[in-house]
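Residue numbers (UniProt numbering): 1 to 329. Note that beta-carbon positions come from the ideal geometry of N, C-alpha and C, so glycine has one too. Encoded as structure tokens, the structure appears first; notes follow it.
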Amino acid sequence: MSTWEATGVGSHPGEDHLEAIRVVFGEVPGLPYLPELPARGVGADMVGRTAGLLVDLAVEVQPSGWRLTDRPGRDHHRAVDHLRRDLDGLEEIAHDYAGPIKLQVCGPWTLAASLELRHGDKALSDAGAVRDLTASLAQGLADHCAEVRRRVPGVTEVVVQLDEPRLPGVLAGTVPTASGFGRLAAVEEWRVEEALRLFEKPMVHCCAPSVPFDLLRRAGVRGVSVDASLLRRRADDALGELFEAGMVLFLGVVPGRDTRLGDAGAVARPAVELWRRLGFAPDRLAEQVVLTPACGLAGASPAYAKAALTACRKAARVLREDPAWSQGG
Numbered sequence: 001m002s003t004w005e006a007t008g009v010g011s012h013p014g015e016d017h018l019e020a021i022r023v024v025f026g027e028v029p030g031l032p033y034l035p036e037l038p039a040r041g042v043g044a045d046m047v048g049r050t051a052g053l054l055v056d057l058a059v060e061v062q063p064s065g066w067r068l069t070d071r072p073g074r075d076h077h078r079a080v081d082h083l084r085r086d087l088d089g090l091e092e093i094a095h096d097y098a099g100p101i102k103l104q105v106c107g108p109w110t111l112a113a114s115l116e117l118r119h120g121d122k123a124l125s126d127a128g129a130v131r132d133l134t135a136s137l138a139q140g141l142a143d144h145c146a147e148v149r150r151r152v153p154g155v156t157e158v159v160v161q162l163d164e165p166r167l168p169g170v171l172a173g174t175v176p177t178a179s180g181f182g183r184l185a186a187v188e189e190w191r192v193e194e195a196l197r198l199f200e201k202p203m204v205h206c207c208a209p210s211v212p213f214d215l216l217r218r219a220g221v222r223g224v225s226v227d228a229s230l231l232r233r234r235a236d237d238a239l240g241e242l243f244e245a246g247m248v249l250f251l252g253v254v255p256g257r258d259t260r261l262g263d264a265g266a267v268a269r270p271a272v273e274l275w276r277r278l279g280f281a282p283d284r285l286a287e288q289v290v291l292t293p294a295c296g297l298a299g300a301s302p303a304y305a306k307a308a309l310t311a312c313r314k315a316a317r318v319l320r321e322d323p324a325w326s327q328g329g
């Protein structure tokens, strides 16, 4: 069960990493996270940032995107430098922080569907390459978590979030080949489960339709992060089993781009409606549902990014302080 209230998905607008970290620790202090700023360019995007964590694997940028290469070059070093600056900023701003922290990386299946092999197609096309990539990522992520703990000694727990927006496509066989003229074969569910088990009880974020809830539950993940607006009633049974298993749902309840935000009750409503529909005890809602924006905030204005996090926190506190919300009006 979770004692968290609200958090963010990961990305933020702009290029000022220190300000982004200040906003996160100020607005979602129950589960702050190390924000990502893709507007900084090459190496700050989700794939490049994560590729910079890989152990014994190097990457470079080609016109078609990120590609595995024989040795680290300028693009690889740029990704590493961005992350190092972010960690320096985290150490500066969170030096006296005590509590949990969330770290986001591109998950192994989205990474394999995005990275190209040295002389060929996407890494996803080669089962051996996927295994090597996943093992490298698992080790690099473990090292990253250890570095965060070293720099911020007050961290009590590191919550790992694997971003897997392409996972439904991996399972459905709709990921395009590098040429774009074909589709890569669907990956068997057992292979996906096997890869996810290499990570220590992660959250898995998937902002695409058709989130494979049953697969993720079987894989032993800690919880799932989704966009509430994409949930359909046909997922209710799988969500019910997820909650019965004691897992956590990060529920995206405010848009990731600028819009007018409602009051706390309006923001909390998708969580309340889901909980009523599933028929669980009201006091469990705040324990198993954490409110977030629907996806990353990179496309928002800085003012909206801050307001979105504030709205999630305020709505979550309404649910936590008044469980009757999930029964009544």
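* To do: List the endpoints of the continuous alpha helix (DSSP H) containing lysine 306.
  => Against the sequence shown, residue 306 aligns to sequence position 306. Segment 302–321, the alpha helix (DSSP H) holding lysine 306.
* Is it true that the CB of alanine 79 sits closer than 8 Å to the CB of threonine 69? -> Locating residue 69 in the sequence shown gives position 69, counting from the first residue. Locating residue 79 in the sequence shown gives position 79, counting from the first residue. Not closer than 8 Å, so no.
* Cβ neighbours of proline 202 in the same chain (closer than 7 Å, five flanking residues each side left out) -> In the sequence shown, the residue the question calls residue 202 occupies position 202. The answer, listed in chain order, is Val160, Gln161, Leu162, Val221, Arg222.
* **Unbroken beta strand (DSSP E) run spanning leucine 68, endpoints** => By 1-based counting over the sequence shown, the position of residue 68 is 68. Start and end: 65–69.
* Cβ of leucine 297 within 7 Å of any heavy atom in the ligand COA? -> Inclusion of the ligand COA in the displayed structure is not the case, the ligand content being empty and no account of it being possible.
* Quick one: is proline 153 near chain C, going by C-beta distance under 8 Å? -> Annotation note: the requested chain C is absent from the structure, which comprises a single protein chain.
* Asked: Would you call the segment 287–298 and the segment 246–263 in contact, with 3 or more CB pairs under 8 Å?
  -> Yes, since at least three Cβ pairs between the segment 287–298 and the segment 246–263 fall closer than 8 Å, the two stretches touch.
* Please state if the CB of aspartate 75 and the CB of glycine 43 are separated by a distance shorter than 8 Å. => Position 43 of the sequence shown, counting from 1, holds the residue named residue 43. Position 75 of the sequence shown, counting from 1, holds the residue named residue 75. Yes; because the gap between Cβ atoms is below 8 Å, this pair is in contact.
* Where does histidine 144 land, buried or exposed, given buried means 16+ other C-beta within 10 angstroms? -> Residue mapping note: residue 144 aligns to position 144 of the sequence shown, counting from 1. Classification for histidine 144: buried.
* Report the residue from Gly65, Val105, Thr259 whose alpha carbon sits nearest the alpha carbon of methionine 46. => Translated into the one-based positions of the sequence shown, residue 46 becomes position 46. Of the listed residues, the one whose Cα sits closest to methionine 46 is Val105.
* Asked: Can you give, in chain order, each stretch of the beta strand (DSSP E) that sits fully within the segment 196–279 and has at least 3 residues?
  -> Listed in chain order, they are 203–205, 223–227, 248–254.
* **Inter-stretch contact at 8 Å, needing at least 3 Cβ pairs: the segment 25–41 / the segment 10–17** => Judged by Cβ distances under 8 Å, the segment 25–41 makes contact with the segment 10–17, as three or more pairs qualify.
* aspartate 56 to serine 136 span [Cα, whole Å] -> Here the question's residue 56 lines up with position 56 in the sequence shown. Here the question's residue 136 lines up with position 136 in the sequence shown. Distance between the alpha carbons of aspartate 56 and serine 136: 7 Å.
* To do: Would you identify the three-state DSSP class for serine 125, choosing helix, strand or coil?
  => The residue you call residue 125 lines up with position 125 of the sequence shown. Shown here, serine 125 sits in a helix according to DSSP, grouped into three states.
* Asked: Which stretch, first to last residue, makes up the beta strand (DSSP E) that contains glycine 48?
  -> As a working mapping, residue 48 is identified with position 48 in the sequence shown. Boundaries around glycine 48 are those of the alpha helix (DSSP H), 46–51, since no beta strand (DSSP E) includes it.
* Using 10 angstroms around the beta-carbon of glycine 329, count the other beta-carbons present and answer buried if the total reaches 16, otherwise exposed. => Start at 1 with the first residue of the sequence shown, and residue 329 comes out as number 329. Low per-residue confidence applies at glycine 329: pLDDT is 48, beneath 50, and the placement is therefore not dependable, though the value from the model is reported in the following sentence. With fewer than 16 Cβ atoms within 10 Å of its Cβ, glycine 329 is classed as exposed.
* Beta carbon of leucine 171 nearer than 8 Å to that of valine 155 -> The sequence position of residue 171 within the sequence shown is 171, counting from 1. The sequence position of residue 155 within the sequence shown is 155, counting from 1. Contact annotation: leucine 171 and valine 155 have beta-carbon atoms that are not nearer than 8 Å.
* In angstroms with no decimal places, state the Cα-to-Cα distance between alanine 129 and alanine 185. => Numbered from its first residue, the sequence shown carries residue 129 at position 129. Numbered from its first residue, the sequence shown carries residue 185 at position 185. The alpha-carbon atoms of alanine 129 and alanine 185 are separated by roughly 15 Å.
* The alpha helix (DSSP H) spanning valine 23 covers which residue range? -> Here residue 23 refers to the residue found at position 23 when the sequence shown is read from its first residue. Per DSSP, the unbroken alpha helix (DSSP H) holding valine 23 starts and ends at 17–27.
* aspartate 236 beta carbon less than 8 Å from that of leucine 285 -> The residue you call residue 285 lines up with position 285 of the sequence shown. The residue you call residue 236 lines up with position 236 of the sequence shown. For leucine 285 and aspartate 236, no; Cβs fall outside 8 Å.
* Asked: valine 211 to aspartate 126, Cα distance in whole Å?
  -> Sequence index remark: in the sequence shown, residue 211 carries index 211 (1-based). Sequence index remark: in the sequence shown, residue 126 carries index 126 (1-based). Each residue's Cα considered, the two are about 24 Å apart.
* **Pairwise C-alpha distance: leucine 198 and alanine 142** => Your numbering for residue 142 matches position 142 in the sequence shown. Your numbering for residue 198 matches position 198 in the sequence shown. Going by C-alpha positions, alanine 142 is about 11 Å away from leucine 198.
* To do: Specify the secondary structure class of arginine 183 as computed by DSSP and reduced to three states.
  => Locating residue 183 in the sequence shown gives position 183, where the first residue counts as 1. Reduced to three states, the DSSP call for arginine 183 is strand.
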